[in-house]
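Engineer: Straight run, no breaks: the sequence shown in my numbering ends on number 273.
Even for Gly, the Cβ is constructed at its ideal location relative to N, Cα and C.
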Amino acid sequence: MHDRYRAAFVALGAAALSLTLGAFPSTAYAAGKGHGARAGETSLIREGYWSLEAAPGGTAPNTEPEGLPLTLNGDAWIYHNEDIFGDPALVDQGDLRLDGDGDWAATSAAPVGGDGSFTLAARARLAAANNRTQTVLSLPGRKTDRLAIRYQAASEKWEVVVSTQDKAAAPQVVITEEQALPNDDPYGVGDHLAVVFDASAHELRFYVNGQLSSTSTAVDTTSWTASGGLQVGRSAIHGEYFAGTVDEVRAYSGVANRTMISQMASLTGLPEL
Numbered sequence: 001m002h003d004r005y006r007a008a009f010v011a012l013g014a015a016a017l018s019l020t021l022g023a024f025p026s027t028a029y030a031a032g033k034g035h036g037a038r039a040g041e042t043s044l045i046r047e048g049y050w051s052l053e054a055a056p057g058g059t060a061p062n063t064e065p066e067g068l069p070l071t072l073n074g075d076a077w078i079y080h081n082e083d084i085f086g087d088p089a090l091v092d093q094g095d096l097r098l099d100g101d102g103d104w105a106a107t108s109a110a111p112v113g114g115d116g117s118f119t120l121a122a123r124a125r126l127a128a129a130n131n132r133t134q135t136v137l138s139l140p141g142r143k144t145d146r147l148a149i150r151y152q153a154a155s156e157k158w159e160v161v162v163s164t165q166d167k168a169a170a171p172q173v174v175i176t177e178e179q180a181l182p183n184d185d186p187y188g189v190g191d192h193l194a195v196v197f198d199a200s201a202h203e204l205r206f207y208v209n210g211q212l213s214s215t216s217t218a219v220d221t222t223s224w225t226a227s228g229g230l231q232v233g234r235s236a237i238h239g240e241y242f243a244g245t246v247d248e249v250r251a252y253s254g255v256a257n258r259t260m261i262s263q264m265a266s267l268t269g270l271p272e273l
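(1) What number of angstroms, rounded off, separates the C-alpha of residue 249 from the C-alpha of residue 219?
(2) Residue 186: which of 122, 255 and 129 sits nearest, CA to CA?
(3) Within 10 angstroms of the Cβ of residue 181, are there 16 or more other Cβ atoms? Answer buried if so, exposed if not.
(4) Taking contact to mean at least 3 C-beta pairs separated by less than 8 Å, is the region 204-213 in contact with the region 68-82?
(5) Quick check on residue 258: does DSSP put it in helix, strand or coil?
(6) From 99, 176 and 64, pick the residue whose C-alpha is nearest to that of residue 207; which is it?
(7) Report the three-state DSSP secondary structure of residue 244 (helix, strand or coil).
(8) Does residue 57 pass the burial test, meaning 16 or more other C-beta atoms within 10 Å, or should it be called exposed?
(9) Using alpha carbons as the reference points, say which of 264, 47 and 225 lies closest to residue 163.
(10) What would DSSP say about residue 93, mapped onto helix, strand or coil?
(11) Whole angstroms is fine: what's the gap from residue 54's alpha carbon to residue 153's?
(12) Sort 123, 143, 60 and 236 by Cα distance to residue 269 and report the nearest one.
(13) Output needed for residue 227: all residues of its chain with C-beta closer than 6 Å, excluding positions within five of it in sequence on either side, in chain order.
(14) At what residue ranges does the region 174-230 contain a whole run of the beta strand (DSSP E), taking only runs of 3 or more?
(15) Compute the distance between the beta-carbons of residue 240 and residue 135, then report whether it is under 8 Å.
(16) What does DSSP give as the partner residue(s) for residue 118 in the beta ladder?
(17) So, do the region 109-124 and the region 193-200 have three or more beta carbon pairs nearer to each other than 8 Å?
(18) Please state whether DSSP places residue 25 in a helix, a strand or coil.
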């Protein structure tokens, strides 16, 4: 069953690459700090890649040598598949398991602040809807989340929420993914979720499984800076603990283009990306 889902997903990824969804900026990728872009390209710097294959001492390392690690909290744990007949991890051999009851992982500071262009991505599989909203990734401020990627119980769909100010009742920019429903098959590969904020274009883009639908962009001029660490599996402001599995968490300063997002959605870890 797992192989069938993988094959279907690869086919979807190939289809996504064949779509023409408008011109996106070309991207120069620099692994680590201090690498600039070539002429005519937008700088893209990887601030964090957490493959979630292991968490020695309760800390999941960051592939970036100087990057912030993820600290596991509550009953969060790293599942590692040692048996070819066992439950497969979402990507490669390990992933992060969360029961939705006070479990999460977090960095000590924000890997991307939100005051400029950024890209955030993760693969997530919802275990149980339970008629409640659940956050996969968030960047907290003092009063509200700068950004949250979450399952919205009211619509039963994935969505991205951006608060335009660091105020409890601030207006929000919301993108709801209308095309792809959350894949909660316990043997499936979940969904790849990626958010790109293009500050120069004043645009927010939400990709699900490597695809950008016609309804998945919004005008956004928000520029305030997150003050808390990246939260995996919750909102530090609202709770909204995630029940399920998370893998392949990524954070970049800059704008990842459509081709790179499709590569991130791969079912094989790509530490060089």
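Structural biologist: According to the data block:
(1) 25 Å
(2) With distances taken between CA atoms, residue 186 lies nearest to 129 out of 122, 255 and 129.
(3) exposed
(4) no
(5) helix
(6) 176
(7) strand
(8) exposed
(9) 225
(10) coil
(11) Looking at the two C-alpha atoms, the distance is approximately 31 Å.
(12) With distances taken between CA atoms, residue 269 lies nearest to 123 out of 123, 143, 60 and 236.
(13) 141 and 142
(14) 191-198, 203-208 and 217-219
(15) yes
(16) DSSP output for residue 118 lists 197 and 253 as bridge partner(s).
(17) yes
(18) At residue 25, the pLDDT of 38 sits below 50, so the modelled position is not reliable and the matter cannot be decided from this model.
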